[in-house]
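Enquirer: Chains as they are written, first to last, in the working numbering: chain A, 0 to 344; chain B, 0 to 344. Just so you know, even glycine gets a beta-carbon here, dropped at the ideal spot from N, CA and C. Note that the structure is a prediction, hence the values are computed from the model and not measured. There's a structure below that I have some questions on.
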DNA sequence: CAACTGACGGCAAACGTTTGCCATACTGCG
DNA sequence: CGCAGTATGGCAAACGTTTGCCGTCAGTTG
């Protein structure tokens, strides 16, 4: 029979997937047992220098690549991690995904991505299908009930992003600090009445943001109303804008930038002057927030760093502490300005 | 020892990952052989009705979930697919990822995501690490040399997105049609000199777009220059804008929208009137192209559909033909207008 | 009633690794 | 020279599944 598994100069244009080189092939070629090859490659000090050299040379020459699936079985670990996000098309998640992918990849792990589309059922589905495949989960903005999370934690390690549950390592952006800054900013501009355009009620961040906003508003003697909930998409910004405007508030704070940008677009189309008649602010500082019209005042957070942190936590790196809160700072742009009443004294 | 693997009402707060229920457990409980359980679940007509019922009931009661890794070994297929993109933070890819994830997931496949950061080495790296794990690859905007692709195809099935190589199934957006429409549009507005702000020279789409633009420009008797290459990011739009402007062209066509948006931002900051002094156009119609300032004239394409198509192709669905070209249409917005010389006759 | 047929269930060998344990051979020491 | 101790390499059993093959038993047919 012909050679096979040479350094890959064979041309197999139509052929089915050529069988990969296995430990057995290398062992046969090197004249040793498979176990020896296995050790020579993954546990080098366990085998004599002479054989080690020879085996490694043969393996290199034959272009041997361990089969990760086969490794995973006896090891019980797959070196794969899952990242579940609620909306893969939300730019907010891009940075998270990239940070996580980079960090996982640096640690020799593969990242499996899942899009839960904001549905707890789909999320639960994904978790089930993945739990025999991955060593751990990153659940970003998870909408799973606490009980389900607890149960999952029994089988796999889990890290939460932008959600806090007792007993879970998590990374969150400082929504309450951000909210405080929003309120202070609006208060300083003379706003006395704010409308919060809420996100999905099962989104953890929605509750946190609302509570922080309302408590700080109360402290500052500012009226605040919660409107919605609205789907956090640009499209649904239209409804939100109309509802917000009719509430009579002079400032609209949206659950996130997707919604805020939608609001901005709607207001522009309706001919409402921003920030002349009404100010708008959001959360996340997503791609586009800096060049929409007018540029959006929003709470920014180091999301790529969050992606890395979340993987570190999952991998049990000492450097990452369980309850990491990433700083979130208000970035003031042109969508917020003095309250209308104060401009006409 | 206590029960284990019951329907999951056990609370293991601190415990290590509880061992999962296996075929053996079910077999023992049901008093049959493992092979019978296996068949009862995945090949039901192969086993008698009475036993089948019983086994299935036991499996359900014990909450048995097949271990995908263990299944993959004898089957030789993992039911996982890889999607490699050159830049996960490019909004253009969001739709692709979502479409692909949805379609894969619908077919019972898992999607492994890789970010190659535009580097052929990183791409090759990912491919190696993934090839024992996934059943197939989607390479989006791959920068791998043809030879490497051919070699990979020998081991795994491969589908290309936005790149065409002989012998490979691929999905591309109709860059040449889009380019024609750009040139026609600009010509109709009186432009006589265009600058193409090129992307990375190893990007397949860059070559296609440039050739299509220049050939149609020639046909229309329009001057066209290729400037760059530029990194296709918003940040590098600044350089591109300056270079483009100094070329004296009245219209700038950017390699993609990321670059185009960067150009727009730079021009606005420099006080250059768009489209009064210069028109700008791009490709992809990404998130943000419709609300940047001014809204960008660009070539749009059904990218989520592309994501689905690419998976269909990989899975060998009959419905998807090997050389799929998705329509790309020019979306005219405010960033393009009459050439300056024609407005002052 | 014997022989044939098909349905059904079990045994065991894969799949490609890892790893505990054992046998051998070599080292150095008394 | 004999012994203990150690370095080295091989055997074989896992890991959890799938699947080819075979035996058994019931049902059918002549």
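Express the C-alpha separation of residue 333 of chain A and residue 194 of chain A in angstroms, rounding to a whole number.
Expert: Whole-angstrom Cα-Cα distance: 18 Å.
Enquirer: Using the DSSP secondary-structure output, state which residues sit across from residue 63 of chain A in a beta bridge.
Expert: In DSSP, residue 63 of chain A forms no bridge with anything.
Enquirer: Using beta-carbon positions only, say whether residue 131 of chain B and residue 19 of chain A come within less than 8 Å of one another.
Expert: Yes. Within cutoff.
Enquirer: Relative to the alpha-carbon of residue 165 of chain B, which residue among B:61, B:152, B:172 and B:175 has its alpha-carbon at the smallest distance?
Expert: Checked all of B:61, B:152, B:172 and B:175; the closest Cα to residue 165 of chain B is B:152.
Enquirer: Compare the C-beta of residue 7 of chain A against all C-beta atoms of chain B and say whether one is closer than 8 Å.
Expert: Note that residue 7 of chain A scores a pLDDT of 37, beneath 50, so its modelled location is shaky and nothing firm can be said.
Enquirer: Once DSSP output is grouped into helix, strand and coil, what is the label at residue 344 of chain B?
Expert: Any answer about residue 344 of chain B is weak, because its pLDDT of 42 lies below 50 and its placement is not dependable; what the coordinates show is given next. In this structure, residue 344 of chain B counts as coil in the three-state DSSP scheme.
Enquirer: From this set, A:278, A:339, A:230 and A:306, which residue's C-alpha is nearest residue 294 of chain A's C-alpha?
Expert: Ranking A:278, A:339, A:230 and A:306 by Cα distance to residue 294 of chain A puts A:278 first.
Enquirer: Using a cut-off of 8 Å between C-beta atoms, extract the partners of residue 100 of chain A located in chain B.
Expert: Within 8 Å Cβ-Cβ: 87, 112, 113 and 114.
Enquirer: As a quick exercise: from B:336, B:331 and B:305, pick the residue whose alpha carbon is nearest that of residue 321 of chain B.
Expert: Answer by Cα proximity: B:305.
Enquirer: Do the CB positions of residue 180 of chain A and residue 262 of chain A come within less than 8 Å of each other?
Expert: No; because the gap between Cβ atoms is not below 8 Å, this pair is not in contact.
Enquirer: Name the chain B residues that come within less than 7 Å of residue 255 of chain A, Cβ to Cβ?
Expert: Residues of chain B passing the Cβ test: none, with the nearest at roughly 14 Å.
Enquirer: Excluding sequence positions up to five away, which residues of its chain have a Cβ less than 6 Å from the Cβ of residue 266 of chain A?
Expert: Counting only Cβ-Cβ distances below 6 Å, and skipping sequence neighbours, we find 240 and 273.
Enquirer: Chain A partners of residue 69 of chain B, CB-CB under 7 Å?
Expert: Residues of chain A passing the Cβ test: 72.
Enquirer: For the region 278-293 of chain A, which residues have a CB atom closer than 8 Å to at least one CB atom of chain B, in sequence order?
Expert: Residues 286, 287, 290, 291 and 292.
Enquirer: Could you name the residues of chain A that residue 310 of chain B contacts, counting a contact when the two beta carbons are closer than 8 Å?
Expert: Here the premise fails: no neighbours, minimum Cβ distance about 13 Å.
Enquirer: Answer with buried or exposed for residue 89 of chain A, where buried requires no fewer than 16 other C-beta atoms within 10 angstroms of its C-beta.
Expert: Counting Cβ neighbours within 10 Å, residue 89 of chain A comes out buried, since at least 16 surround it.
Enquirer: Residue ranges of each beta strand (DSSP E) run of no fewer than 3 residues wholly in the region 84-120 of chain A, ordered along the chain?
Expert: Entirely contained in the region 84-120 of chain A, the beta strand (DSSP E) runs reaching 3 residues are, in chain order, 109-114.
Enquirer: Tell me the start and end of each unbroken alpha helix (DSSP H) in the region 288-321 of chain B that is at least 4 residues and wholly inside, in chain order.
Expert: Counting only runs of 4 or more, we get 302-313.
Enquirer: Could you tell me the distance, in whole angstroms, from the CA atom of residue 330 of chain A to the CA atom of residue 171 of chain A?
Expert: So the two alpha carbons sit approximately 18 Å from each other.
Enquirer: List the whole-angstrom C-beta distance separating residue 38 of chain A from residue 45 of chain A, where the pair is believed to meet the contact cut-off of C-beta under 8 Å.
Expert: The pair is a contact, with the Cβ atoms about 5 Å apart (cut-off 8 Å).
Enquirer: Starting from the N-terminal side, write out each stretch of the beta strand (DSSP E) that is 3 residues or longer and does not extend beyond the region 246-285 of chain A.
Expert: Segments of the beta strand (DSSP E) lying fully in the region 246-285 of chain A: 250-253 and 278-283.
Enquirer: Compute the Euclidean distance between the alpha carbons of residue 324 of chain B and residue 300 of chain B, then round it to the nearest angstrom.
Expert: Computed Cα separation, rounded: 10 Å.
Enquirer: Ordered along the chain, which non-local residues of its own chain (more than five positions away) have a Cβ less than 7 Å from that of residue 202 of chain A?
Expert: Cβ neighbours of residue 202 of chain A beyond the five flanking positions: 140 and 142.
Enquirer: Under 8 Å, Cβ to Cβ, is there at least one residue of chain A near residue 12 of chain B?
Expert: Because the pLDDT of residue 12 of chain B is 39, which lies under 50, any placement of that residue in the model is unreliable, and the question is left without a value.
Enquirer: Which value, in whole angstroms, describes the spacing of the CA atoms of residue 81 of chain B and residue 118 of chain B?
Expert: Cα-Cα distance, rounded: 17 Å.
Enquirer: Would you decide whether residue 205 of chain A is buried or exposed? Buried here means 16 or more other CB atoms lie within 10 Å of its CB.
Expert: Answer is buried; the Cβ neighbour count reaches 16.
Enquirer: Do the CB positions of residue 248 of chain B and residue 224 of chain B come within less than 8 Å of each other?
Expert: Closer than 8 Å, so yes.
Enquirer: Which stretch, first to last residue, makes up the beta strand (DSSP E) that contains residue 137 of chain A?
Expert: Taken as a continuous stretch (DSSP letters only), the beta strand (DSSP E) holding residue 137 of chain A covers 135-139.
Enquirer: Taking 7 Å as the line, does the beta carbon of residue 217 of chain B fall inside it for any heavy atom of the ligand COA?
Expert: Because no ligand of any kind appears in the structure shown, any question about the ligand COA cannot be addressed here.
Enquirer: How about the region 55-74 of chain B and the region 91-101 of chain A: do they share at least three Cβ pairs that are nearer than 8 Å?
Expert: Cβ pair count under 8 Å is below three, so no.
Enquirer: Per DSSP, what kind of secondary structure is residue 156 of chain A in: helix, strand or coil?
Expert: Of the three classes helix, strand and coil, the one that applies to residue 156 of chain A here is strand, per DSSP.
Enquirer: Can a CB atom of chain B be found closer than 8 Å to the CB of residue 171 of chain A?
Expert: Answer no: the Cβ-Cβ gap between residue 171 of chain A and chain B never drops below 8 Å.
Enquirer: Is there contact between the region 121-130 of chain B and the region 120-136 of chain A, where contact requires at least three CB pairs shorter than 8 Å?
Expert: As far as the Cβ criterion goes, the region 121-130 of chain B does not touch the region 120-136 of chain A, which means the pair count is below three.
Enquirer: Taking only the alpha-carbon atoms, compute the straight-line gap between residue 41 of chain A and residue 115 of chain B and give it to the nearest angstrom.
Expert: Whole-angstrom Cα-Cα distance: 27 Å.
Enquirer: The alpha helix (DSSP H) with residue 179 of chain B in it runs from where to where?
Expert: Here the alpha helix (DSSP H) through residue 179 of chain B covers 174-187.
Enquirer: Closer than 8 Å between beta carbons: that is the criterion. Which residues of the region 126-146 of chain A meet it against chain B?
Expert: Per Cβ criterion, the list reads 127, 128, 129, 130, 131 and 132.
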